[in-house]
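For the sequence shown, our numbering assigns the number 1992 to the last residue and increments by one with no breaks.
Using N, Cα and C, we set each Cβ at its ideal position, and we do this for glycine too.
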Amino acid sequence: MEENLKSNLIGQREIRLEKLKQIKELGINPYPAKANKEFSNGDVISKFEDFDGKEVTLTGRIIAWREHGKLVFGDILDQTGNIQIMIRKDSLVEDIDNGYLGWDKLELLDLADFVEVFGTIGKTRTGQISIMVSKIRLLTKSLRPIPRKLKNKEQMFRRRYLDLVINPDRVKMFERKAQFWRVQREFLLSKGFIEVEVPVLEAITGGADASPFVTHHNALDQDFYLRISTELYQKRLIGAGFEKIYTFGPNFRNEGMDDEHLQEFYDIEWYWAYANFRDNMELVKELFRKIANDVYGKTEFSTRGHTFDLADEWEELDYTETIKKHFDIDIFNDSDEKILQVIKENNIEMGGEVNRNRMIDTLWKAIRAKISGPAFLINQPKFISPLAKSYEDNQDITERFQVIIAGSELGNGYSEINDPQDQLDRFLDQQNLRESGDDEAQMLDIDFVEMLEYGMPPTSGYGQSERVFWFLEDVTAREGTFFPQLRNEIEKSTKEIYKDKVKFAEVKKK
């Protein structure tokens, strides 16, 4: 391995290209389609007693290589971890016809290459579990070395494929994320829910207060929106007779990015016929505790300066009373001027369209930031809950709940409106807000109102996104997502390497 001869990436790539040429001249395919992986490195390490003295085939990326005369030590990495390989000159079998490299051909290998090794499992004199290699075959020739570290977080996001090699702990985190989703789907299945599919492209989008992405459907010659929620289509299915349904998949909201928000994110959302918001609150508590125990083996967490225990009793916070207690604001009767004055006096930042609804919710969010939870925010006013059913004895507030943990909202649910006239009135109120400049207000979906006129049973719905995972892991939204969206950028060395073959477009910058 001669990477020390040229320190720059392009120079090292030239060395590797020369090795690639030599490998091909030997008649060896440097990128074969098939490997003979029998076990994972993790299996061998964790069950060493079962493998000791046995011959096995392992695969992985070379991440270390140490030459000691007629002996080579190295490490190969697979998804489960790394294992040491030990190669003796007098034990290595060369079989070029089948792709197995001999001792004098090992110099054609480099760090970051993928290899297949066959040999006997044992321990070295120092007690390290190793595979004593008798055959080694190249599976993938790497043309670039893996850097020891990435310069900054942006590089981590842009080249996650490198980040995961350099930082195996993050592989474990994303494995937990897969388990996080699996636990939820299995939980809902155990409760009798079935998974359904609903459109990603919608002529009218709704189900949340958010700005949508717009695209154009060429065949229909019509603009469509990327969905911001699956709510309205799921409720159409409830009206059709399904009683327990859920969706899992991506939603899209064309709004700002921060530590809690991405424009593209995954969520799980369900609808339960003949249940109300109280039934759903109990189900949500059970689900959170299930996630905590099955994924993490604990219920107590610390994140964003908060500590909480999901096994505790969940406090219930009344929306109106909480704002009254903290800011002495009556959300139904105080003037817009008074509310705005309180916001300014408390130096509370407010983004987006300034209207009464947004101002009141801004006050709540200032309070929320200090709540560790777990808690439910309940009894939200009708004017900020356009899809939630009002109480029979108080039409101004709704049968709604939000999960409040570590200063943020981690879930939202309510008893659903099934009165078509009530729903139309709410939509019209939202339309007025949109016409006054609030592009996060919900659109009027008259087709949905039509469905309600045919009848939908009492129903409660709930949704939560991967934000729950980010908080349990105490990572930001971008850190907890494989490939968060970034402005397109091509690495300088890549441009230099391919400048004669590829025409690179200039990236417009604001």
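Exercise. Keeping to the same chain, check which residues put their C-beta closer than 7 Å to that of A1774; ignore five residues upstream and five downstream.
Key: Apart from sequence neighbours up to five positions away, the residues of its chain that approach A1774 with a beta-carbon distance below 7 Å are K1780, T1781 and L1792, ordered along the chain.
Report, in whole angstroms, the separation of the C-beta atoms of S1942 and F1759, which I expect to be a contact under 8 Å. 5 Å
Check your understanding: Given that a residue counts as buried once 16 or more other Cβ atoms are within 10 Å of its Cβ, and exposed if not, what is K1983?
Key -> exposed
Fill in: Endpoints, alpha helix (DSSP H) assigned at A1923
No alpha helix (DSSP H) holds A1923; DSSP gives it neither H nor E.
I need the boundaries of the beta strand (DSSP E) containing A1755, first residue and last residue. Per DSSP, A1755 belongs to the beta strand (DSSP E) from E1746 to A1755.
With three or more C-beta pairs closer than 8 Å as the rule, is the stretch 1884-1902 touching the stretch 1915-1927? No, they do not touch.
ask   = Going straight from the alpha carbon of H1788 to that of F1747, what length do you get?
value = 24 Å
Problem - Own chain partners of E1751 with C-beta closer than 6 Å, once the 5 adjacent residues on each side are dropped - result: T1712, T1729 and G1945
What would DSSP say about T1606, mapped onto helix, strand or coil? coil
Check: Pick from L1644, I1544 and N1564: whose alpha carbon is nearest that of L1590?
Finding: I1544
message: Between the stretch 1488-1504 and the stretch 1559-1576, can you find at least three pairs of beta-carbon atoms closer than 8 Å?
response: no
Legend entry - 8 Å CB neighbourhood of I1727 in its chain, flanking five on each side removed: F1675, I1676, E1677, V1678, Q1716, L1719, I1720, W1752 and Y1753
Compute the Euclidean distance between the alpha carbons of L1670 and Y1896, then round it to the nearest angstrom.
-> 18 Å
Exercise for review: Leaving out five residues on either side along the sequence, give the residues of the same chain with a beta carbon under 6 Å from the beta carbon of G1601.
Suggested key: I1613, M1614, V1615 and S1616
**Report entry** Distance, M1655 Cα to D1794 Cα
**Finding:** 25 Å
**OP:** Look at the alpha carbon of F2034 and the alpha carbon of F1930, and state the distance between them as a whole number of angstroms.
**Re:** Shown here, the chain extends from 1483 to 1992; a query on residue 2034 therefore has no answer.
Please report how far the alpha carbon of K1633 lies from the alpha carbon of T1976, in whole angstroms.
17 Å
Legend entry - Rounded separation between M1638 and F1986 - CA only: Each residue's Cα considered, the two are about 23 Å apart.
Quiz item: So what does DSSP say about E1737, is it helix, strand or coil?
Solution: Three-state result, E1737: coil.
### Message
Comparing C-alpha positions only, which one of P1863, E1636, R1949 and V1696 sits nearest to R1786?
### Response
R1949
Cα-Cα, which of R1626, D1577 and T1541 is closest to L1491?
R1626
Check: So which of R1709, T1541 and L1892 has the shortest CA-CA distance to I1618?
Finding: T1541
Quiz item: For K1726, which three-state DSSP category applies?
Solution: strand
R1850: first and last residue of the uninterrupted alpha helix (DSSP H) it sits in: R1838 to R1850
Inset, instruction - Rank Q1967, Y1936 and L1559 by C-alpha distance to the C-alpha of F1521 and give the top, closest one. - result: L1559
Go through its chain and collect everything with a Cβ distance to N1486's Cβ below 8 Å, but skip five positions before and after it. Low confidence applies here, because N1486 scores a pLDDT of 45, under 50, leaving its location unreliable; read the following figure in that light. Here the set comprises nothing.
Checklist line | Reference I1899; option with closest CA among A1923, R1908 and E1891 | finding: R1908
_Counted within 10 angstroms of its Cβ, other Cβ atoms place V1696 as buried (16 or more) or exposed_ = exposed
Do the stretch 1871-1883 and the stretch 1844-1861 touch if we need at least three Cβ pairs shorter than 8 Å?
As far as the Cβ criterion goes, the stretch 1871-1883 touches the stretch 1844-1861, which means the pair count is three or higher.
_Candidates S1693, L1708 and A1692, of which the one nearest H1699 by Cα_ = Selected option, being the one with the closest Cα: L1708.
Kindly give me the distance between the Cβ atoms of R1642 and F1964, rounded to whole angstroms, as I take these residues to be in contact under 8 Å. With a contact defined as Cβ atoms closer than 8 Å, R1642 and F1964 qualify at about 6 Å.
Problem set entry | Sheet register partners of N1511 (DSSP bridge) | Its beta-bridge partners do not exist; DSSP assigns none.
Give the range of the alpha helix (DSSP H) segment to which H1743 is assigned.
Premise fails: H1743 is in no alpha helix (DSSP H) and is neither H nor E.
### Query
Of the residues K1806, E1500, F1533 and D1927, which one's Cα is nearest the Cα of K1605?
If we check each option's Cα against that of K1605, F1533 comes out closest.
* To do: Output the distance between the C-alpha atoms of S1817 and E1835, rounded to the nearest integer angstrom.
  => 17 Å
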